[in-house]
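K.L.:
Line by line, the protein sequences give chains A and B.
Here the first sequence stands for residues 709 to 904, where the numbers follow the numbering used here.
Here the second sequence stands for residues 709 to 904, where the numbers follow the numbering used here.
By construction, the Cβ of each residue, glycine as well, lies at the ideal position given by its N, Cα and C atoms.
Number of protein chains: 2
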Amino acid sequence: MARGPNKQFDVDEVLEKAINVFARRGYEAATMSELLTEMGIGKKSLYDTFGNKESLFFKATGRYARLTYNDISERLNKPGSPLQNIRALFTHWKEVNGKPGSCGCLLGTSIADFNTDDTDVALLMRGHLQRVEDLYVQTLKRAQDQGEIAENADVISIARMLLCASQGMSLLGRVMENGEMLSGVVDGIFTLLDKE
Amino acid sequence: MARGPNKQFDVDEVLEKAINVFARRGYEAATMSELLTEMGIGKKSLYDTFGNKESLFFKATGRYARLTYNDISERLNKPGSPLQNIRALFTHWKEVNGKPGSCGCLLGTSIADFNTDDTDVALLMRGHLQRVEDLYVQTLKRAQDQGEIAENADVISIARMLLCASQGMSLLGRVMENGEMLSGVVDGIFTLLDKE
DNA sequence: CTATACATTGACCGATCGTTCTAATTAATT
DNA sequence: AATTAATTAGAACGATCGGTCAATGTATAG
């Protein structure tokens with residue numbers, strides 16, 4: 709009950725909790741009561757700090773996109789084989805999304821859930837997807853330089869296929885109870901990609 | 709205002725309208741008023757015929773799954789090259805999902821939106837995905853028989869990859885305004901698959 | 001010490017949600 | 001002609017939604 713002139717909670721920390729709720733329940737289904745309980749802060753604090761629900765969602769997706777991009781970037785830019793880095797990334801996602809109760813990618817589920825007509829959220833998502841696509845392109849080009857895939861391979865198309873598959877994986881992970889399906893997906897991609 | 713003892717509307721026809729609303733807005737965001745307006749029937753008729761919102765959604769997804777399965781089956785079982793049939797199917801989806809304002813696959817968006825914890829809807833979705841996977845497997849096996857892909861190719865994994873990619877496509881189609889991205893996805897898949 | 005900024009709880013708001021129900025109406029059946 | 005099944009519009013329901021506000025308390029800054 710009242711803690712003085714400094715915020716008594718870490719903004720990023722409670723935003724992380726909000727991300728979890730939105731990812732698990734979806735934008736519409738997530739109620740403010742749920743968010744409040746999970747975030748563990750007062751109603752007034754929430755509205756003062758994050759604005760209304762849509763604004764909170766925008767901040768949550770923004771943070772999620774930033775963190776996700778950094779994570780992908782780090783994993784793809786590890787030293788060694790670029791192609792193996794891609795494979796390791798997808799294997800990582802297979803494990804994360806294959807767990808029972810996995811919620812998938814907040815951005816992916818939000819594309820389906822949030823009305824993306826022409827709001828800021830839609831722009832945020834397009835920008836994120838574009839940047840991740842670029843990460844794949846750069847990595848695939850390095851794979852070309854190292855002779856891992858064919859010189860004349862269409863890296864942009866392959867990058868887009870990877871982007872698409874990653875979203876599909878997080879979606880399928882939500883509904884399939886065992887990770888078997890996702891293992892197959894990754895195998896399917898790389899039995900093909902390894903032949904390049 | 710009152711039309712006698714026979715239903716004055718075609719059940720499947722208004723269910724089709726409901727499918728559109730759910731696909732466009734998502735389960736939670738779609739309100740009964742919206743559904744009523746779009747379906748063009750009275751409130752009592754709706755509740756008498758379809759039960760409550762969840763039951764209506766279940767019937768809508770059921771019909772959608774059935775129609776989708778039949779469409780896929782028909783396209784994959786056309787005479788000629790099985791591999792080309794798969795490619796034609798994905799090219800078709802590229803065009804459908806690439807259109808501005810496309811809503812994507814009702815089942816895909818519902819996976820993200822509807823709470824799939826352990827309801828009938830989740831079972832319906834798993835069953836549908838499994839059946840479509842089987843369609844791909846059968847088609848890929850025929851492609852093997854005809855020497856279109858390698859004898860030792862892991863057709864189950866490739867089938868799962870295709871299933872995953874198709875869901876990713878319908879998701880990306882919702883948020884990307886131009887079909888360029890999806891064209892790349894299809895090209896990416898088949899530049900790889902053609903090498904098998 | 002005083003003032004200020006931030007916190008908390010909880011009551012409260014109007015709007016809308018999904019749903020039920022009543023009343024009136026119509027057309028086919030018997 | 002009477003009955004029955006299906007329709008419609010619309011009133012009304014309690015619940016819950018997102019959001020606001022007032023009252024109160026507390027730690028820091030000057």
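Between the segment 829–849 of chain A and the segment 774–783 of chain A, do at least 3 Cβ pairs fall closer than 8 Å?
P.N.:
Touching, per the Cβ criterion.
K.L.:
Apply the 10 Å Cβ neighbour rule to A:Lys-802 and answer buried if 16 or more other Cβ atoms are within range, or exposed otherwise.
P.N.:
Translated into positions along the first sequence, residue 802 of chain A becomes position 94. By the neighbour-count rule (16 or more Cβ atoms within 10 Å), A:Lys-802 is buried.
K.L.:
Within the 8 Å Cβ cut-off, does A:Val-883 reach chain B?
P.N.:
Taking the first sequence and counting its residues from 1, the one referred to as residue 883 of chain A is at position 175. For A:Val-883, the answer is yes, since a Cβ of chain B falls inside 8 Å of its Cβ.
K.L.:
On the criterion of 16 or more Cβ atoms from any shown chain inside 10 Å, does B:Val-893 qualify as buried, or is it exposed?
P.N.:
Translated into the one-based positions of the second sequence, residue 893 of chain B becomes position 185. With 16 or more Cβ atoms within 10 Å of its Cβ, B:Val-893 is classed as buried.
K.L.:
Could you spell out where the alpha helix (DSSP H) holding B:Gln-875 opens and where it closes?
P.N.:
Start at 1 with the first residue of the second sequence, and residue 875 of chain B comes out as number 167. Element bounds for B:Gln-875: 863–883.
K.L.:
Return helix, strand or coil for B:Lys-849, following the three-state DSSP convention.
P.N.:
Numbered from its first residue, the second sequence carries residue 849 of chain B at position 141. Residue state, collapsed to three classes: helix.
K.L.:
What does A:Glu-803 touch in chain B if you count any residue whose Cβ is under 9 Å from its own?
P.N.:
Residue mapping note: residue 803 of chain A aligns to position 95 of the first sequence, counting from 1. The premise fails here: A:Glu-803 is roughly 15 Å from chain B at the closest Cβ pair, so nothing lies under 9 Å.
K.L.:
Taking B:Arg-834 as the query, report the chain A residues whose CB atoms sit under 7 Å from its CB, ordered along the chain.
P.N.:
Translated into positions along the second sequence, residue 834 of chain B becomes position 126. Within chain A, the residues near B:Arg-834 are Val-883 and Met-884.
K.L.:
In chain order, what residues of the same chain lie with their CB nearer than 6 Å to the CB of A:Leu-900, ignoring the 5 residues before and after it?
P.N.:
In the first sequence, the residue the question calls residue 900 of chain A occupies position 192. Cβ within range, chain order: n/a, list empty.
K.L.:
Can you list, in chain order, the residues of its chain whose CB lies under 7 Å from that of B:Met-740, leaving out five sequence neighbours each side?
P.N.:
Residue numbering aside, residue 740 of chain B sits at position 32 when the second sequence is read from its first letter. Result list for B:Met-740: Lys-761, in chain order.
K.L.:
If contact means a Cβ-Cβ distance below 9 Å, which residues of the segment 784–798 of chain A contact chain B?
P.N.:
Answer set for the segment 784–798 of chain A: empty.
K.L.:
In the DSSP assignment, find the unbroken alpha helix (DSSP H) run with A:Ala-796 in it and report its ends.
P.N.:
Taking the first residue of the first sequence as 1, we reach residue 796 of chain A at position 88. Run containing A:Ala-796: 790–806, per the alpha helix (DSSP H) assignment.
K.L.:
Helix, strand or coil: which one does DSSP assign to B:Asp-718?
P.N.:
For this step, residue 718 of chain B is matched to residue 10 along the second sequence. Residue state, collapsed to three classes: coil.
K.L.:
Please check if any C-beta of chain B sits within less than 8 Å of the C-beta of A:Asp-821.
P.N.:
By 1-based counting over the first sequence, the position of residue 821 of chain A is 113. Yes, contact with chain B.
K.L.:
Report, in whole angstroms, the separation of the C-beta atoms of B:Tyr-772 and B:Ile-819, which I expect to be a contact under 8 Å.
P.N.:
Here residue 772 of chain B corresponds to residue number 64 of the second sequence, with the count starting at 1. Here residue 819 of chain B corresponds to residue number 111 of the second sequence, with the count starting at 1. 13 Å between Cβ atoms; not a contact.
K.L.:
Say whether the segment 789–804 of chain A touches the segment 734–754 of chain A, bearing in mind that this needs 3 or more beta-carbon pairs closer than 8 Å, one atom from each stretch.
P.N.:
At 8 Å Cβ cutoff, the stretches do not touch.
K.L.:
Got a sec, what are the start and stop residues for the alpha helix (DSSP H) B:Thr-769 sits in?
P.N.:
Along the second sequence, read from residue 1 onward, the residue named residue 769 of chain B stands at position 61. Taken as a continuous stretch (DSSP letters only), the alpha helix (DSSP H) holding B:Thr-769 covers 761–784.
K.L.:
Leaving out five residues before and five after B:Ala-768 in sequence, what residues of the same chain have Cβ atoms less than 8 Å from its Cβ?
P.N.:
Mapped onto the second sequence, residue 768 of chain B falls at position 60. Within the same chain, B:Ala-768 has close Cβ partners Leu-723, Ala-726, Ile-727, Phe-730 and Leu-814.
K.L.:
Against chain B, with Cβ distances strictly below 8 Å, would A:Glu-724 count as a contact?
P.N.:
On the first sequence, residue 724 of chain A is found 16 positions in, with the first residue counted as 1. Output row for A:Glu-724: interface = no.
K.L.:
Determine, using beta carbons only, whether B:Ser-865 comes closer than 8 Å to chain A.
P.N.:
Translated into positions along the second sequence, residue 865 of chain B becomes position 157. Yes, because at least one Cβ of chain A sits closer than 8 Å to the Cβ of B:Ser-865.
K.L.:
Under 6 Å Cβ to Cβ from A:His-738, same chain only, skipping five residues before and after it: list those, please.
P.N.:
Counting from 1 along the first sequence, the entry for residue 738 of chain A is found at position 30. Inspection of the sequence shows that residue 738 of chain A is occupied by Ala rather than by His. Excluding sequence neighbours, A:Ala-738 sits near Val-729 and Phe-730.
K.L.:
Quick one: is A:Thr-817 near chain B, going by C-beta distance under 8 Å?
P.N.:
Mapped onto the first sequence, residue 817 of chain A falls at position 109. So yes, A:Thr-817 belongs to the interface.
K.L.:
Name the residue from B:Ile-897, B:Leu-879, B:Asn-886 and B:Ser-891 whose alpha carbon lies nearest to the alpha carbon of B:Gly-734.
P.N.:
Walking along the second sequence from the start, residue 734 of chain B turns up at place 26. That would be B:Leu-879, whose Cα lies nearest to the Cα of B:Gly-734.
K.L.:
Name the chain A residues whose beta carbon is nearer than 7 Å to that of B:Arg-924?
P.N.:
Within the shown structure, residues of chain B are numbered from 709 to 904, placing residue 924 of chain B beyond reach of any answer.
K.L.:
Helix, strand or coil for A:Asn-728 per DSSP?
P.N.:
As a position in the first sequence, residue 728 of chain A is number 20, starting the count at 1. Of the three classes helix, strand and coil, the one that applies to A:Asn-728 here is helix, per DSSP.
K.L.:
Just curious, the alpha helix (DSSP H) that A:Asp-895 is in, first and last residue?
P.N.:
Residue mapping note: residue 895 of chain A aligns to position 187 of the first sequence, counting from 1. Where A:Asp-895 is concerned, the enclosing alpha helix (DSSP H) stretches over 888–901.
K.L.:
So A:Asp-756 is in the alpha helix (DSSP H); what residue range does that whole segment cover?
P.N.:
In the first sequence, residue 756 of chain A corresponds to position 48, counting from 1. 751–758 is the span of the alpha helix (DSSP H), which, as asked, contains A:Asp-756.
K.L.:
Give the residues of chain A in contact with B:Thr-899, contact being defined as C-beta atoms less than 8 Å apart.
P.N.:
Start at 1 with the first residue of the second sequence, and residue 899 of chain B comes out as number 191. Ala-861, Asp-862, Ser-865 and Ile-866, listed in chain order.
K.L.:
Helix, strand or coil for B:Asp-821 per DSSP?
P.N.:
Here residue 821 of chain B refers to the residue found at position 113 of the second sequence. B:Asp-821: helix per DSSP, three-state reduction.
K.L.:
Which residue wins for smallest C-alpha separation from B:Asp-828, given the options B:Gly-887, B:Leu-764, B:Phe-717 and B:Ile-897?
P.N.:
For the purposes of this step, residue 828 of chain B is taken as the residue at position 120 of the second sequence. Taking only the C-alpha atoms, the option nearest B:Asp-828 is B:Leu-764.
K.L.:
Determine the closest residue to A:Gly-812 out of A:Met-884, A:Leu-784, A:Lys-786 and A:Arg-850, with distance taken between C-alpha atoms.
P.N.:
Indexing the first sequence from 1 puts residue 812 of chain A at position 104. The shortest Cα separation from A:Gly-812 among A:Met-884, A:Leu-784, A:Lys-786 and A:Arg-850 belongs to A:Met-884.
K.L.:
A:Asn-886: buried (16+ other C-beta within 10 angstroms of its C-beta) or exposed?
P.N.:
Taking the first sequence and counting its residues from 1, one reaches residue 886 of chain A at position 178. Classification of A:Asn-886: exposed, given that the 10 Å Cβ count is below 16.
K.L.:
Can you tell me whether B:Ser-810 is helix, strand or coil according to DSSP?
P.N.:
Here residue 810 of chain B is taken as the residue at index 102 of the second sequence, counted from 1. In the structure shown, B:Ser-810 sits in coil (DSSP, three-state: anything other than H, G, I, E or B).
K.L.:
Quick check: what's the CA-CA separation for B:Gly-759 versus B:Gly-770?
P.N.:
For this step, residue 759 of chain B is matched to residue 51 along the second sequence. For this step, residue 770 of chain B is matched to residue 62 along the second sequence. Answer to the nearest angstrom: the Cα atoms are 15 Å apart.
K.L.:
Check whether the Cβ of A:Asp-828 lies closer than 8 Å to any Cβ atom in chain B.
P.N.:
One-based indexing of the first sequence puts residue 828 of chain A at position 120. By this cut-off, A:Asp-828 is not an interface position.
K.L.:
When burial is assigned at 16 or more other CB atoms within 10 Å of the CB, is A:Arg-839 buried or exposed?
P.N.:
Sequence index remark: in the first sequence, residue 839 of chain A carries index 131 (1-based). It counts as exposed.
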